[in-house]
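First the structure, in the form of structure tokens, and then the observations on it.
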Amino acid sequence: MLLTCIWSSLGESGADGESNSRQDEHLVHGLVPEVDRPVCDRTGISPMILIMLSQDADLAGFSDQLLGAAKGTHRAAGAVLFRSGQRPAWMYYVRAGEAVMQRVTSAGAPVILQRASQGFIAEASLASARYHCEGVCRSECDLLAFPLSALREAIDQDEGTRWAWIGLLSAQARAQRARIERQSLKTIRQRLAHLILAEGSEKNGYRIPGTRIQLAAELGVTPEALYRCLADLQAQGQLSIEAAA
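Residue numbers (the UniProt record's numbering): 1 to 245.
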């Protein structure tokens, strides 16, 4: 769905409202400055690597050898990438869709520790003997699977790969801090505005894979409270919701 927000009013006083839960992705658009990312221009490398670089700028700093070792894979929603206790063998980069790293409580409820969309998941597995949680595709996912041995070797031997990896980890740390900050906000309206401002862009919007129920989980609120908030924002002319193309 396409959520188009009027920022001057969305960030103000809190409101809760209702909307029916429907499937599909969400695009959230707001008046947020777009940040351009550099794209590496290489010659003399394989067409597959060129396609990766054109579509995934985060990988532009990786060595040609490492990119050539990656394997593309498609997984259905609900597919398990790895389980707790398994020995890591691959580092997964989510090119499309969303995957989450989660643990299940004693009561059987999943607790999301990380979500990945256009990024790596479970980066700490690079230096771990075993997984301490499970990785699950929250929606259909297109992934690149990097052999851990090849990634470790590239980080050790190639300066470009090493700094690209450091940059990715730094970006993830900033995103995690933003998520913690968002959970500290008191109203649903504030959390929704923070999500879009922190992760969206005016031109491309913010794509939230999954359902409104999953969006509620990301914001740390009940689905019913989120539905009421969305409906109130629509009624006040502060938000419009359309099916995403």
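Idealized CB from N, CA, C, for every residue including glycine.
Give the straight-line distance between the Cα atoms of A124 and A107, rounded to the nearest whole angstrom.
Here residue 124 corresponds to residue number 124 of the sequence shown, with the count starting at 1. Here residue 107 corresponds to residue number 107 of the sequence shown, with the count starting at 1. When rounded, the distance between both Cα atoms is 26 Å.
Exposure of G72, with buried meaning 16 or more beta-carbon neighbours within 10 Å
Position 72 of the sequence shown, counted from the start, is the residue given in the question as residue 72. The residue is exposed, with fewer than 16 neighbouring Cβ atoms inside 10 Å.
Touching by the beta-carbon criterion (3+ pairs, under 8 Å), the region 140 to 149 and the region 80 to 100
yes
Given this structure, state the Cα-to-Cα distance separating Q234 from R95, to the nearest angstrom.
Position 234 of the sequence shown, counting from 1, holds the residue named residue 234. Position 95 of the sequence shown, counting from 1, holds the residue named residue 95. Approximately 32 Å, taken between the alpha carbons.
For C141 versus A77, is the C-beta distance shorter than 9 Å?
Looking up residue 141 in the sequence shown gives position 141. Looking up residue 77 in the sequence shown gives position 77. Taking 9 Å as the Cβ cut-off, C141 and A77 qualify as a contacting pair.
From the DSSP secondary-structure annotation, give me the bridge partner or partners of Y131.
Counting from 1 along the sequence shown, the entry for residue 131 is found at position 131. In the DSSP output, where bridge partners are listed per residue, Y131 has none listed.
For R179, the nearest candidate out of H74, A198 and E159 (CA to CA)
Here residue 179 refers to the residue found at position 179 when the sequence shown is read from its first residue. Measuring from the Cα of R179, the nearest candidate turns out to be A198.
Kindly indicate which three-state DSSP category A235 falls into: helix, strand or coil?
The count along the sequence shown starts at 1 and reaches residue 235 at position 235. In this structure, A235 counts as helix in the three-state DSSP scheme.
Is the beta carbon of residue 248 less than 9 Å from the beta carbon of F82?
Summary: the structure shown does not reach residue 248, with the chain confined to residues 1 through 245, and so no result is reported for it.
At which residues does the alpha helix (DSSP H) containing G68 begin and terminate?
Stepping through the sequence shown from its first residue, residue 68 is reached at position 68. Start and end: D64 to A69.
Extent of the continuous alpha helix (DSSP H) to which A193 belongs:
What you label residue 193 is simply residue 193 of the sequence shown in a count that begins at 1. I188 to E199 is the extent of the alpha helix (DSSP H) around A193.
Going straight from the alpha carbon of A129 to that of T222, what length do you get?
What you label residue 129 is simply residue 129 of the sequence shown in a count that begins at 1. What you label residue 222 is simply residue 222 of the sequence shown in a count that begins at 1. In a straight line, the C-alpha of A129 is about 36 Å away from that of T222.
Buried or exposed, going by whether 16 or more other CB atoms sit within 10 Å of the CB of Q214?
By one-based count along the sequence shown, residue 214 stands at place 214. Label assigned to Q214: buried.
Residues of its chain near A69, where Cβ-Cβ distance is below 6 Å and the 5 sequence neighbours each way are ignored
Stepping through the sequence shown from its first residue, residue 69 is reached at position 69. Here the set comprises P147 and A150.
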